[in-house]
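Below you'll find the structure, written out as C-alpha cells, and then a few comments.
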Amino acid sequence: MDFDDQLRRYFGSADLDALTPDALAGGIDRMRVDLGLETDRGRRFALWSLLFLLGAAPDLDRVFDDPADRDAARNFMDLAQRGEAG
Numbered sequence: 051m052d053f054d055d056q057l058r059r060y061f062g063s064a065d066l067d068a069l070t071p072d073a074l075a076g077g078i079d080r081m082r083v084d085l086g087l088e089t090d091r092g093r094r095f096a097l098w099s100l101l102f103l104l105g106a107a108p109d110l111d112r113v114f115d116d117p118a119d120r121d122a123a124r125n126f127m128d129l130a131q132r133g134e135a136g
C-alpha cells in the first residue's frame with residue numbers, strides 16, 4: 051500500500067491539509083468500513099495505522115485478534131508519539 055494512493059482512495063486527495071472537515075470525516079468512515087471488512091493482516095495494520103495517525107483508530111484490542119499484531123500496533127503507537135515529541 052502506497053501512502054499517497056491510500057489518501058487519494060479514501061479522501062480524493064493526497065493533501066490532507068486541503069480537505070474540508072466533511073471530506074476528512076467521510077474518508078475516515080470509509081476507512082473504518084474497509085478495516086472491518088479486511089482479512090489481510092498487513093492491510094488491516096496499514097488501515098489501522100493511518101486511522102491512528104488521523105486520531106480516529108478504534109481500540110487495537112478490538113481490531114487485532116493476534117497478540118503479535120497488538121504488540122506491533124503498540125510499538126507503532128510508541129514510535130509515532132516519540133516522533134511527535136522529538
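If you're matching positions, the sequence shown starts at 51 in the numbering used here and goes up one per residue. C-beta atoms are modelled at their ideal positions from N, C-alpha and C, and glycine is treated no differently. What you are looking at is a predicted structure, and each value in this text was computed from that prediction instead of being measured.
| message | Using only CA atoms, which one of Glu88, Glu134, Ala122, Arg58 lies nearest to Leu74? | response | The shortest C-alpha separation from Leu74 is found at Arg58.
| task | For Ala107, collect the residues of the same chain with a Cβ closer than 6 angstroms to its Cβ; drop the 5 residues on either side in sequence, then sort them by chain order. | result | Within the same chain, Ala107 has close Cβ partners Trp98, Leu101.
Do Arg91 and Tyr60 have their beta-carbon atoms positioned less than 7 angstroms apart in this structure?
Going by C-beta atoms, Tyr60 is not nearer than 7 angstroms to Arg91.
_For Leu103 and Arg124, what's the separation of their Cα atoms in angstroms?_
In a straight line, the C-alpha of Leu103 is about 13 angstroms away from that of Arg124.
Problem - Backbone secondary structure at Pro108 - three-state DSSP - result: For Pro108, the secondary structure class from DSSP, reduced to helix, strand or coil, is coil.
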